[in-house]
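*Asks:* This is the structure I have questions about; it appears just below.
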Amino acid sequence: MIFQEVSVLAVLYILFALLAAALLLSILVGWKVSSMILHPKNWPYDTIVDEEEKRGHFTREWFEQTVRLEEFTLRSPFGYNLHCALWPHDGACAFADGKPRVAVIVHGFTYCLLGGIKYASIFHALGFDCVLYDHRNHGLSDRALTTMGVLEARDLSAVCDWARERFGPEAILGTHGESMGASTVMLHASQYPSLSFAIEDCGYGDLNGELRFALAHRFHMPWFPILPIASLFSRLRGGVFFGSVVPKRSLCQCASLPMLFIHGDADELVPFFMLAENFEAKRGKKRMQVFPGASHADCYRADPAAYAKCVTEFLAENGLLAKGA
């Protein structure tokens, strides 16, 4: 009898120790995940052109001979500086209505504005002036906690306001975003009614859902209880609850805004099914483009000609490329 009682207590102690160890490990991993979100390890700014060349997006020779960026600093509504650049279109306005066209390019998580050059090149060739900028906590912008699109969308409004002031209230103005930049574009779309178009490439419609997918498929870890703990740490440290970042919810308020949704069907970070969720949430004018075999943020590299074609057709079918003779 005594031996049996001792055995039961030993088992209970072992179970308690295992549970305590699992909880401690979950807390440590949750803290780490919150740190990765709030303070991402960014690509060094001076390596991006070489990285883009390595990925096959463009060559350094083309970049140095073709891209003429006018860099400037813009003050965020939250009090820090945003590093921005304008790639102006040379020559007179190419559009019959006399209105300038402006595309604001929004880069992804851990990257910088130079990663948007490949997309800007499409718009630039069509006669657009292109505005690019570094997110808060990225590139050469000031350090501030990353909120995965929530406060970044407010910064995007400030950049669009600058473009309106520079090119006039009649300018045709649209946004293009990749990954976190795409989710920022979706969140922003409902906040800025004077947009003429928006394009999102591999954006998550629900941050919690994206992180669950990433933990399972990239890190091979259970999402519970890690994500709830990480979300709580994020909020306590000055960020946001992950559950509050749901870009697809804002799309129901954008019925009059033409939107293009792009995704690779081999995306290993933002699940491919989120393309359908985002597309279905959007009412009104919309178009979808799938790139077979493309991984995360890899649609342009997978087929640059097809990417440029779908962007051009999307703009044309919404009357945004009415060129003059």
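For the sequence shown, our numbering begins at 648 and goes up steadily by one.
Note that CB positions come from ideal geometry on N, CA and C, so glycine has one too.
Indicate whether Ser-942 and Glu-924 have their beta-carbon atoms separated by less than 8 Å.
*Replies:* Here residue 942 refers to the residue found at position 295 when the sequence shown is read from its first residue. Here residue 924 refers to the residue found at position 277 when the sequence shown is read from its first residue. No, the pair does not count as a contact, with Cβ atoms beyond the cut-off.
*Asks:* Tell me whether Ile-661 is buried or exposed, calling it buried when 16 or more other Cβ atoms sit within 10 Å of its Cβ.
*Replies:* What you label residue 661 is simply residue 14 of the sequence shown in a count that begins at 1. Exposed, because fewer than 16 other Cβ atoms sit within 10 Å of the Cβ of Ile-661.
*Asks:* Would Thr-757 and Lys-679 qualify as a contact pair, given that the criterion is a beta-carbon distance under 8 Å?
*Replies:* In the sequence shown, counting from the first residue as 1, residue 757 sits at position 110. In the sequence shown, counting from the first residue as 1, residue 679 sits at position 32. Not a contact, by the Cβ cut-off of 8 Å.
*Asks:* With contact counted as at least three CB pairs below 8 Å, one residue from each stretch, are the region 764-781 and the region 744-754 in contact?
*Replies:* Contact holds: three or more Cβ-Cβ distances are below 8 Å.
*Asks:* Nearest-angstrom Cα distance between Gly-677 and Gln-712?
*Replies:* Taking the first residue of the sequence shown as position 1, residue 677 is located at position 30. Taking the first residue of the sequence shown as position 1, residue 712 is located at position 65. Those two C-alpha atoms are separated by around 46 Å.
*Asks:* Leaving aside the five residues before and after Phe-705 along the sequence, list all residues of the same chain whose C-beta is less than 8 Å from its C-beta, in chain order.
*Replies:* Position 58 of the sequence shown, counted from the start, is the residue given in the question as residue 705. So the qualifying residues of the chain are Glu-699, Ile-764, Lys-765, Ser-768.
*Asks:* Please list the segments of the beta strand (DSSP E) lying wholly inside the region 872-923, counting only runs of 3 or more residues, in order along the chain.
*Replies:* Those beta strand (DSSP E) runs which fall completely within the region 872-923 and span 3+ residues are 906-911.
*Asks:* Locate the alpha helix (DSSP H) running through Met-833, then write down its first and last residues.
*Replies:* As a first step, residue 833 is located in the sequence shown; it is residue number 186 there, counting from the start. Met-833 -> alpha helix (DSSP H) spans 827-836.
*Asks:* Helix, strand or coil: which one does DSSP assign to His-754?
*Replies:* Here residue 754 refers to the residue found at position 107 when the sequence shown is read from its first residue. In this structure, His-754 counts as coil in the three-state DSSP scheme.
*Asks:* In the region 926-969, which residue ranges form an unbroken alpha helix (DSSP H) of at least 4 residues, counting only runs that do not cross its ends?
*Replies:* Taking only runs of at least 4 residues, the alpha helix (DSSP H) segments lying wholly in the region 926-969 are 946-949, 951-964.
*Asks:* Kindly indicate which residue of Asp-697, Ala-863, Ala-743, Glu-857 has the alpha-carbon position closest to the one of Val-893.
*Replies:* On the sequence shown, residue 893 is found 246 positions in, with the first residue counted as 1. Closest option to Val-893, Cα to Cα, is Glu-857.
*Asks:* Got a sec? Which residues, its chain only, sit under 8 Å from Arg-707 by beta carbon, not counting five neighbours each side?
*Replies:* Along the sequence shown, one-based indexing puts residue 707 at 60. These residues qualify, in order along the chain: Val-696, Asp-697, Glu-700.
*Asks:* When the distance is taken between beta carbons, is Leu-792 closer than 8 Å to Leu-671?
*Replies:* Taking the first residue of the sequence shown as 1, we reach residue 671 at position 24. Taking the first residue of the sequence shown as 1, we reach residue 792 at position 145. No. Outside cutoff.
*Asks:* Where in the region 747-828 do unbroken runs of the beta strand (DSSP E), each at least 3 residues long, occur, reported from the N-terminal end onward?
*Replies:* Those beta strand (DSSP E) runs which fall completely within the region 747-828 and span 3+ residues are 748-753, 776-780, 819-825.
*Asks:* For Leu-773 versus Leu-968, is the C-beta spacing smaller than 8 Å?
*Replies:* Here residue 773 corresponds to residue number 126 of the sequence shown, with the count starting at 1. Here residue 968 corresponds to residue number 321 of the sequence shown, with the count starting at 1. Cβ distance < 8 Å, so Leu-773 and Leu-968 count as in contact.
*Asks:* To the nearest angstrom, how far is the alpha carbon of Trp-870 from that of Phe-920?
*Replies:* Position 223 of the sequence shown holds residue 870. Position 273 of the sequence shown holds residue 920. Rounded to whole angstroms, Trp-870 to Phe-920 spans 18 Å at the Cα level.
*Asks:* Would you mind giving the Cβ-Cβ distance between Leu-787 and Tyr-692, rounded to the nearest angstrom? I have them listed as a contact below 8 Å.
*Replies:* Looking up residue 787 in the sequence shown gives position 140. Looking up residue 692 in the sequence shown gives position 45. So it is a contact: roughly 6 Å between Cβ atoms.
*Asks:* Give the C-beta separation of Glu-817 and Lys-746 to the nearest angstrom, bearing in mind that I take them to be a contact with Cβ-Cβ under 8 Å.
*Replies:* Counting from 1 along the sequence shown, the entry for residue 817 is found at position 170. Counting from 1 along the sequence shown, the entry for residue 746 is found at position 99. Right, the Cβ-Cβ distance comes to about 5 Å (below 8 Å), so this counts as a contact.
*Asks:* My output table needs one value for Thr-706: the three-state DSSP class, helix, strand or coil.
*Replies:* As a first step, residue 706 is located in the sequence shown; it is residue number 59 there, counting from the start. Correct three-state label for Thr-706: coil.
*Asks:* I'd like the list of long-range same chain contacts for Asp-737, defined as Cβ closer than 7 Å, with 5 residues on each side in sequence excluded.
*Replies:* Position 90 of the sequence shown, counted from the start, is the residue given in the question as residue 737. Taken in chain order, the list of residues that qualify is empty.
*Asks:* Per DSSP, what are the beta-bridge partners of His-686 in this structure?
*Replies:* Counting from 1 along the sequence shown, the entry for residue 686 is found at position 39. Answer by DSSP bridge pairing: none, since His-686 is not bridged.
*Asks:* Can you tell me the Cβ-Cβ gap for Leu-834 and Ser-897, rounded? I've got them flagged as a contact below 8 Å.
*Replies:* Stepping through the sequence shown from its first residue, residue 834 is reached at position 187. Stepping through the sequence shown from its first residue, residue 897 is reached at position 250. 5 Å between Cβ atoms; contact.
*Asks:* Looking at the structure shown, is Asp-848 part of a helix, part of a strand, or coil, going by DSSP?
*Replies:* Mapped onto the sequence shown, residue 848 falls at position 201. If DSSP states are grouped into helix, strand and coil, Asp-848 belongs with the strands.
*Asks:* His-864: buried (16+ other C-beta within 10 angstroms of its C-beta) or exposed?
*Replies:* The residue given as residue 864 occupies position 217 in the sequence shown. His-864 should be labelled exposed.
*Asks:* From this set, Ala-836, Ala-845, Val-655, which residue's C-alpha is nearest Thr-959's C-alpha?
*Replies:* Counting from one through the sequence shown, the residue named residue 959 turns up at place 312. Comparing Cα-Cα distances from Thr-959 to each of Ala-836, Ala-845, Val-655, the minimum goes to Ala-845.
*Asks:* Quick check: the Cα distance between Gly-931 and Ala-902, rounded to an integer number of angstroms?
*Replies:* Here residue 931 corresponds to residue number 284 of the sequence shown, with the count starting at 1. Here residue 902 corresponds to residue number 255 of the sequence shown, with the count starting at 1. Looking at the two C-alpha atoms, the distance is approximately 4 Å.
*Asks:* Can you give the Cα-Cα distance for Phe-889 and Ala-668, rounded to whole angstroms?
*Replies:* Position 242 of the sequence shown, counting from 1, holds the residue named residue 889. Position 21 of the sequence shown, counting from 1, holds the residue named residue 668. If I take the Cα positions, the gap works out to 25 Å.
*Asks:* Return the CA-CA distance between Val-655 and Val-887, expressed in angstroms with no decimal places.
*Replies:* In the sequence shown, residue 655 corresponds to position 8, counting from 1. In the sequence shown, residue 887 corresponds to position 240, counting from 1. C-alpha separation (whole angstroms): 44 Å.
*Asks:* Under a Cβ-count criterion, where at least 16 other Cβ atoms within 10 Å of its own Cβ denotes burial, should Pro-918 be classed as buried or exposed?
*Replies:* Residue mapping note: residue 918 aligns to position 271 of the sequence shown, counting from 1. Classification of Pro-918: buried, given that the 10 Å Cβ count is 16 or more.
*Asks:* Thinking Thr-822 and Gly-796 are a contact (beta carbons under 8 Å), I'd like their distance in whole angstroms, please.
*Replies:* Position 175 of the sequence shown, counting from 1, holds the residue named residue 822. Position 149 of the sequence shown, counting from 1, holds the residue named residue 796. The pair is not a contact, with the Cβ atoms about 12 Å apart (cut-off 8 Å).
*Asks:* Leaving out five residues on either side along the sequence, give the residues of the same chain with a beta carbon under 6 Å from the beta carbon of Pro-735.
*Replies:* Counted from its first residue, the sequence shown places residue 735 at position 88. Once the five neighbours on either side are set aside, the close Cβ partners of Pro-735 are Asp-776.
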